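Residue numbers (numbering that gives the first Met the number 0), protein chains in the order written: chain A, 0 to 456; chain B, 0 to 456; chain C, 0 to 456; chain D, 0 to 456.
Even glycine gets a Cβ: it sits at the ideal position worked out from N, Cα and C.
Computed from a predicted model, the values in this text were never measured in an experiment.
Single-structure report; data block below.
There are 4 protein chains.
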Amino acid sequence: MKLILKKIKSEGIASLSYFLASGNEACVVDPRRDAKTFLKLAWDAEADLKYVFETHRNEDYVIGSREIADVTNVEIYHGPGLDWKYGNTLKDGQEFNLGVLKVKAIHTPGHTDESTSYAVYDTSTGIEAVMVFTGDALFVGDTGRIDMYGPQLSEKNATNLYNSIFNKLIPLGDQCIILPAHGAGSVCGAEINERELSTIGLERMQNHALQLKDKNNFVQFKLSEHHYYAPYFKKMEEYNLNGPPLLKDVPRFKPLLPGKFKKQLEEGAIVVDTRNPTSFGSAHIKGSYNIWLKGLPSHAGWILPYDKPLLLVVENFTNLKKVYKYLLRVGYDNIKGYLVGGIVAWYSNHFPTETIGTITVDALKRKLDNKEDIFLIDVRSPPELKEGYIEHAKNIYVGEIQDKIEEIPKNVPIVTVCGNGARASMAASILKKHGFESMNVLGSMKAWYKANYPIVK
Amino acid sequence: MKLILKKIKSEGIASLSYFLASGNEACVVDPRRDAKTFLKLAWDAEADLKYVFETHRNEDYVIGSREIADVTNVEIYHGPGLDWKYGNTLKDGQEFNLGVLKVKAIHTPGHTDESTSYAVYDTSTGIEAVMVFTGDALFVGDTGRIDMYGPQLSEKNATNLYNSIFNKLIPLGDQCIILPAHGAGSVCGAEINERELSTIGLERMQNHALQLKDKNNFVQFKLSEHHYYAPYFKKMEEYNLNGPPLLKDVPRFKPLLPGKFKKQLEEGAIVVDTRNPTSFGSAHIKGSYNIWLKGLPSHAGWILPYDKPLLLVVENFTNLKKVYKYLLRVGYDNIKGYLVGGIVAWYSNHFPTETIGTITVDALKRKLDNKEDIFLIDVRSPPELKEGYIEHAKNIYVGEIQDKIEEIPKNVPIVTVCGNGARASMAASILKKHGFESMNVLGSMKAWYKANYPIVK
Amino acid sequence: MKLILKKIKSEGIASLSYFLASGNEACVVDPRRDAKTFLKLAWDAEADLKYVFETHRNEDYVIGSREIADVTNVEIYHGPGLDWKYGNTLKDGQEFNLGVLKVKAIHTPGHTDESTSYAVYDTSTGIEAVMVFTGDALFVGDTGRIDMYGPQLSEKNATNLYNSIFNKLIPLGDQCIILPAHGAGSVCGAEINERELSTIGLERMQNHALQLKDKNNFVQFKLSEHHYYAPYFKKMEEYNLNGPPLLKDVPRFKPLLPGKFKKQLEEGAIVVDTRNPTSFGSAHIKGSYNIWLKGLPSHAGWILPYDKPLLLVVENFTNLKKVYKYLLRVGYDNIKGYLVGGIVAWYSNHFPTETIGTITVDALKRKLDNKEDIFLIDVRSPPELKEGYIEHAKNIYVGEIQDKIEEIPKNVPIVTVCGNGARASMAASILKKHGFESMNVLGSMKAWYKANYPIVK
Amino acid sequence: MKLILKKIKSEGIASLSYFLASGNEACVVDPRRDAKTFLKLAWDAEADLKYVFETHRNEDYVIGSREIADVTNVEIYHGPGLDWKYGNTLKDGQEFNLGVLKVKAIHTPGHTDESTSYAVYDTSTGIEAVMVFTGDALFVGDTGRIDMYGPQLSEKNATNLYNSIFNKLIPLGDQCIILPAHGAGSVCGAEINERELSTIGLERMQNHALQLKDKNNFVQFKLSEHHYYAPYFKKMEEYNLNGPPLLKDVPRFKPLLPGKFKKQLEEGAIVVDTRNPTSFGSAHIKGSYNIWLKGLPSHAGWILPYDKPLLLVVENFTNLKKVYKYLLRVGYDNIKGYLVGGIVAWYSNHFPTETIGTITVDALKRKLDNKEDIFLIDVRSPPELKEGYIEHAKNIYVGEIQDKIEEIPKNVPIVTVCGNGARASMAASILKKHGFESMNVLGSMKAWYKANYPIVK
């Protein structure tokens with residue numbers, strides 16, 4: 000009997016949805032908001048979509064369960080412990096049939112209270128679990144963050160997670176393939192491996208946290224981790240608890256010639272410019288945020304408001320659809336339009352542009368050696384700084400620049416660095432928007448390391 | 000560091016090729032002949048193709064290693080024991096670096112002498128094997144056939160296979176993901192599971208053959224299996240040992256209006272008609288072979304000659320590219336063209352057609368009950384007959400009908416059945432070509448079972 | 000300044016929509032219902048959609064003007080003389096600017112009262128008309144039908160058409176390119192040329208009707224033409240006057256496994272089977288209509304009810320999207336689903352099928368020569384019969400078979416012929432549905448002519 | 000009978016190829032080098048490719064006739080007067096049948112001696128010409144350049160052109176649709192209209208040159224026109240006379256990581272950087288040529304050598320295929336590879352970059368008002384300067400900068416302007432490569448005009 004498993008990765012937030020079909024029955028695990036993908040898969044598999052299983056109330060993207068339910072008779076299932084406004088609440092141990100497969104819900108709290116894993120058994124071959132959808136409990140190379148409820152509850156969460164992993168997941172056996180809710184690059188786990196392919200056995204043997212077999216050690220380790228809580232998580236949590244608006248009700252955005260674009264801008268819309276740092280630096284519309292394309296899903300939610308309309312400037316119009324999807328996935332439904340002809344049309348129309356300087360690491364080195372009057376900000380997250388940072392650099396995470404704007408000196412040029420320049424340009428655009436003279440370092444720390452310039456660890 | 004694993008399945012023969020990239024380095028395992036796929040994957044991954052690893056001299060399709068080597072600097076590796084005319088011969092235990100991964104060749108003879116598996120280790124996470132490309136040694140739910148060298152050597156092969164699996168693969172550990180060379184539907188293993196996702200642990204626990212831990216039992220079990228040896232295997236083996244012709248040197252096929260098509264036919268070309276049995280039965284060109292589209296890769300090699308040009312009749316022109324690919328994958332490089340306008344153009348031109356009757360299972364039941372003078376052939380393979388067959392049905396495997404044509408009585412209508420009618424129609428077309436009056440049963444045994452008509456087991 | 004003209008042809012009904020952009024402004028003429036095409040074109044052209052121009056209330060398909068207006072600020076314009084429930088009513092001679100172009104509405108009644116042409120002038124090059132959208136007034140090689148209001152008004156319409164063509168369109172000058180609302184294959188003009196590229200000059204010189212320069216001759220000629228009035232025209236007229244439902248509100252259809260399909264069938268849904276006549280003949284679900292894929296847009300409206308749900312059986316699942324579009328374009332919004340696995344799944348499930356015999360023209364000839372008891376129906380339209388028909392064949396147009404079912408004798412096998420067999424199979428399926436024993440001739444009259452069998456003219 | 004006409008436009012050089020099919024026969028007029036398009040069209044049309052008609056030895060791109068002949072039995076036809084090394088030479092008046100169409104070659108010298116037009120008649124509708132492929136004799140709004148053989152022969156050419164247009168093309172009649180070899184943007188005619196749709200009548204009435212009915216006036220007008228002769232024309236002429244290499248023999252280019260890219264560079268390869276001026280200005284590899292994507296087909300041939308390997312830097316990897324095609328179309332077959340990871344990978348690797356400053360028109364105005372020491376070059380072609388230029392700007396056409404490098408003062412910043420900045424950036428990159436300090440004006444003259452700054456006419 001046919002068995003199909005497809006992993007659908009949403010770039011940027013690195014969230015993983017799964018489609019699983021056996022015979023003529025299919026389910027989806029953690030569907031993303033643009034959910035036609037899953038309907039198409041069911042169609043190709045000639046299967047009925049019977050279930051949507053959610054591993055938890057995802058906080059980093061809008062869940063697509065209702066999108067699927069809008070066009071099929073699918074049953075939606077969530078874990079216990081939240082007052083869900085749609086779908087069904089599961090019981091620990093509840094079982095479902097899907098063709099020759101048996102799907103068993105395993106309550107695995109820790110990341111959040113309702114977190115649930117789904118073990119899959121192939122009744123045609125044996126009794127041992129074949130695979131398990133682990134949600135945010137167990138990743139390839141990492142474990143779920145336990146700080147979502149604030150510091151007071153972190154220890155309780157860490158303890159829950161320990162129990163979930165050691166007493167519920169590991170017992171499934173080394174042979175069992177794990178299918179987590181996130182891959183590398185997600186904010187839900189800083190150390191997630193790029194491999195995206197693992198088993199309970201591999202994690203038991205190679206996952207750093209799982210080597211800490213003592214519960215106390217494990218909890219202490221989890222408490223020592225550092226994670227950011229992006230402002231947009233609140234919006235996602237609210238959406239995913241109550242059911243987000245359906246995409247068919249989201250208005251379409253429009254092409255806007257420079258004049259009309261300018262008018263929207265003057266009425267308070269916010270410009271998101273997804274061009275490369277080099278392009279953006281040379282010429283951009285005053286007040287624009289520069290968020291590189293692939294960074295949009297993960298970084299938009301840190302700085303873009305939900306209560307103002309958005310306007311788009313892109314390098315390449317073939318990317319527009321992607322930009323649109325990326326923003327919808329994190330709930331930005333109020334996109335007014337995009338600049339027809341791009342920035343060239345804008346400045347060719349004699350509309351004003353601004354610049355942000357770019358400098359090489361060599362020039363930065365000289366400035367530092369010469370003790371020129373600059374203020375250097377490293378916008379990476381603390382774990383990244385472990386690789387080494389430039390002496391005297393001030394660390395402010397890119398997502399927090401806007402909140403910590405008061406900590407930054409006026410009247411001195413600000414130089415921003417990050418991993419390879421994308422977030423530094425984003426930071427520079429935020430600073431520029433707030434009236435600072437900012438400058439972005441080409442290649443950032445990647446080039447600095449390559450140049451073998453001195454670092455502090 | 001980026002890690003990408005892609006499985007590329009060639010439908011019909013169910014052969015699996017793999018693309019694996021770590022950082023900027025990539026390899027391909029068992030590439031199929033139409034190999035642009037792999038170049039495209041390397042391109043997307045921004046990686047250099049360093050290695051092609053072959054698990055064995057595949058006997059059921061043309062290997063694409065030389066296609067890749069023709070446009071890149073890739074190194075090709077085969078297992079030891081054959082006099083390869085291209086590429087490099089490996090040593091057991093030879094290791095390769097691929098980004099953070101280590102690939103280790105493990106000589107695993109049994110299916111064939113040169114059969115080699117490739118274990119993959121992630122040096123960034125631990126020392127246990129992460130995955131292993133098992134070739135035709137170990138499948139999901141099955142093990143490789145050991146009859147390729149003929150009955151005298153089967154026992155030796157089976158013993159080798161036992162050693163390879165129990166002493167080389169199982170020791171990799173339960174946690175290790177297996178990536179075999181074939182999925183369900185392949186002629187290389189009758190019981191391969193549809194799941195296409197497994198681990199050493201799952202196979203150790205659930206694979207029937209692996210429960211036979213005693214070497215003798217294992218060997219006896221393997222010797223008791225039944226497999227067919229398709230005539231085209233010889234051609235593939237020769238191709239894959241010496242290096243097949245490059246696709247860029249294969250002449251393109253052409254659209255042929257009915258008149259030109261007829262001319263080619265009269266000059267000795269063979270017609271392959273890939274339409275559905277119902278369409279084919281109603282009207283087809285005299286002497287056509289009816290092989291359904293998805294059956295082409297696995298069944299063409301049983302009956303189509305390599306030394307005559309082929310002509311195509313298709314239901315739908317969007318399928319032509321697929322037909323072409325399917326035939327190239329098994330080495331039919333001499334395709335002259337296809338019938339423009341399909342069978343409708345043919346008969347609208349007042350060119351003659353023939354028919355093959357179709358009957359329902361109910362009608363067949365009545366004929367049998369009334370003891371009408373028909374000769375019933377079940378063209379399935381012996382393992383399939385275990386599900387039950389119709390009393391008095393003669394079993395001749397579809398691939399052998401042409402060879403056993405003398406065993407079939409003339410002067411009596413022949414009725415063919417198979418699983419659901421596709422192979423029965425193929426068989427009926429072969430019989431018709433040889434002058435028999437043949438008839439195909441709609442739905443074949445699938446419908447017969449549904450109807451609850453009596454069967455013999 | 001950029002100027003883009005795109006012709007969008009809807010297959011089957013051969014209706015032509017146009018997209019025209021100059022600079023950053025664009026218009027659409029006679030948009031079809033699935034109107035995303037036009038938004039995409041405007042997007043690519045970096046242009047604002049300013050206008051939708053309708054040449055008349057199209058009666059053979061659902062107009063897409065409201066679809067466009069739903070997502071843009073486009074202005075819709077119709078010709079004078081109808082009580083339009085949406086959009087704006089034009090005045091004869093009204094002018095519009097579109098970049099460097101001037102678009103001038105020219106009231107050209109005749110086909111219908113509100114029929115309007117749109118002449119386009121390029122103000123950057125000269126004062127002579129560059130092109131004219133002629134709607135159903137003037138086609139390549141034909142003129143619009145004048146029988147839409149019934150026989151009493153046909154003469155008035157023909158006179159109007161004469162005036163529109165000779166006094167309004169021809170004066171635009173020989174140089175002017177014509178862009179009509181239909182191409183060859185449309186029911187709106189039997190003699191439309193396949194060329195799809197013409198000028199006022201070419202039509203003035205080569206169009207048969209335009210050689211009849213005397214008004215009386217012209218009117219008599221038009222009155223002598225024969226056209227069918229398809230039952231679905233009424234529905235289209237109503238839709239297009241009042242504004243059809245938006246596609247986003249049309250429910251999606253679903254994959255249905257044989258059991259669920261059968262249930263829907265038993266509850267009164269109608270089966271549309273778009274397979275080839277040969278496939279359909281061999282096995283189909285009782286009561287199915289057989290309409291070949293390309294014939295769907297033009298022939299569905301003759302026989303399918305609007306008040307019952309539809310079910311689909313297709314040869315090839317890649318065609319489903321097309322089937323869906325074709326039916327939506329003529330207003331069939333109530334499609335329940337399609338048969339998963341096609342007819343093979345149906346009969347493999349031991350659900351009953353029916354057959355319709357197919358015979359060759361040779362067999363038909365023999366039957367006729369032997370004076371066998373058959374009733375031969377030629378289902379082509381009268382103009383087609385001019386090429387010659389088989390002696391004693393009764394002519395009933397395929398679209399009227401259902402209405403004239405009483406004229407057909409029971410108790411005698413019915414043989415149907417048409418051009419090349421597609422409509423004959425459709426007719427045979429209608430007859431079968433009504434209890435007749437019907438038979439379809441492979442290749443129909445095309446094969447008969449090729450065979451040089453006797454015909455009557 | 001089916002009739003299909005497709006126009007295939009090659010962007011950048013604005014060359015037009017045509018595919019024409021009637022019934023089951025097809026021809027191609029002036030095929031471009033990447034000729035699979037035409038095979039695909041023939042395939043879709045279910046037609047045999049009978050003829051390739053060339054209107055002249057195209058000098059601005061590689062002709063694809065041999066590509067088509069390599070895979071079909073097509074006959075290639077050229078006009079008389081050249082010693083063609085492949086295909087057949089036509090006679091004036093030679094006729095060809097194509098389904099119901101008649102194609103008549105009309106020798107129309109003027110642009111070049113062998114120039115030939117092809118009039119098309121529809122024998123099913125009348126005797127007047129339906130359309131004519133006019134090659135480079137007559138464009139929409141323009142006529143072919145007559146300076147290809149140098150000044151001594153221009154008058155003779157102009158006279159020939161007059162005769163060809165007035166005595167051979169205009170007599171075809173106002174009704175006749177014209178299908179020229181180039182659209183707007185081609186170097187083969189400076190005033191070609193964007194409309195791409197015209198008739199003999201429209202040109203007779205609205206084409207400026209055709210109003211000059213006196214032969215002398217016409218000749219004088221043609222002699223007064225200004226055209227550039229790009230260096231690559233010679234290569235194209237040689238290719239198209241002798242038959243260019245087949246694409247299947249052109250080596251594929253490869254992804255190159257920064258290190259390998261640098262190595263190629265050091266061995267003498269030339270870098271073509273197709274990014275936007277803003278991106279390029281901020282950071283680029285020393286010695287790169289900046290040619291914007293759409294400008295590649297028309298501008299590459301001015302500055303890129305044929306005897307050195309090329310390396311590519313692109314903004315977006317989805318554009319690579321386009322870059323490749325554009326370069327192949329003008330004969331650059333020696334492309335080594337592209338920079339994996341783009342310029343970001345380069346500078347992140349701590350490889351050195353250079354910058355070119357960008358300034359706004361406001362800043363330029365201030366510099367000019369302040370009489371700062373800059374040297375302003377307007378790189379547009381003379382006809383463009385008629386719209387107005389900045390006082391004291393020196394005019395050197397972008398294609399000639401490299402040749403006139405001696406005329407440019409060292410030791411003073413060079414500021415380049417063009418229409419909207421693309422060619423100015425190309426010019427700035429050439430200057431930079433030659434050691435000048437160059438600067439590019441954002442929005443160039445387009446912004447200058449918008450700003451209403453003073454111009455000289």
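- Message: I'd like to know whether the C-beta atoms of S347(C) and A446(B) end up nearer to each other than 8 Å.
- Response: yes
- Message: Please list the terminal residues of the continuous beta strand (DSSP E) segment that includes K49(D).
- Response: D47 to F52
- What do you reckon, are the CB atoms on P79(D) and T133(D) nearer than 8 Å? no
- Item | Partner residues on chain C for I176(D), Cβ-Cβ distance less than 9 Å | I176, L196, S197, T198 and L201
- Task: Step through the CB atoms of chain D and report whether any lies within less than 8 Å of the CB of G172(C).
- Result: yes
- Quick one: Cα of I290(A) to Cα of M130(A), how far? 37 Å
- Query: In the structure shown, what three-state DSSP assignment does V312(C) receive?
  - Reply: strand
- Item | Residues bridged to E353(D) [DSSP beta-bridge criterion] | H283(D)
- Query: From this set, R365(A), K39(A), L100(A) and D82(A), which residue's C-alpha is nearest T71(A)'s C-alpha?
  - Reply: K39(A)
- Within the same chain, show all residues whose beta-carbon is closer than 6 Å to that of E359(B), passing over the 5 residues directly before and after it, in chain order. Note that residue 359(B) is Thr in the sequence shown here, rather than Glu. Excluding sequence neighbours, T359(B) sits near L441.
- Show which residues of chain A have a CB atom less than 7 Å away from the CB atom of T317(D). T317
- Message: If I measure Cβ to Cβ from I176(C) and keep anything under 6 Å in the same chain, skipping five residues before and after, which residues do I get?
- Response: M130 and T198
- Rounded Cβ spacing between G300(C) and V329(C) (contact assumed at less than 8 Å): 5 Å
- Item | In DSSP terms, what N394(C) is bridged to | D377(C)
- Beta-carbon spacing of V73(D), F52(D) below 8 Å: no
- Message: If you reduce the DSSP assignment to three classes, tell me which class E127(D) lands in.
- Response: coil
- What are the start and end residues of each continuous beta strand (DSSP E) run of 3 or more residues lying completely inside the segment 27 to 78 of chain A, in chain order? 47 to 52 and 74 to 77
- Query: Apart from the five residues just before and just after F232(D), which ones in its own chain have a Cβ nearer than 6 Å to its Cβ?
  - Reply: E58
- Message: Between G182(A) and E195(A), how many whole angstroms is the CB-CB distance? I'm expecting something under 8 Å.
- Response: 5 Å
- Beta-carbon of P463(C) versus every beta-carbon of chain A: anything under 8 Å? For chain C, the structure presents residues 0 to 456; residue 463(C) sits outside this window and is missing.
- Item | Straight-line gap, K403(D) to I454(D) (C-alpha atoms, nearest Å) | 25 Å
- Task: For R251(B), go through chain D and note every residue whose CB falls closer than 7 Å to its CB, in chain order.
- Result: V70
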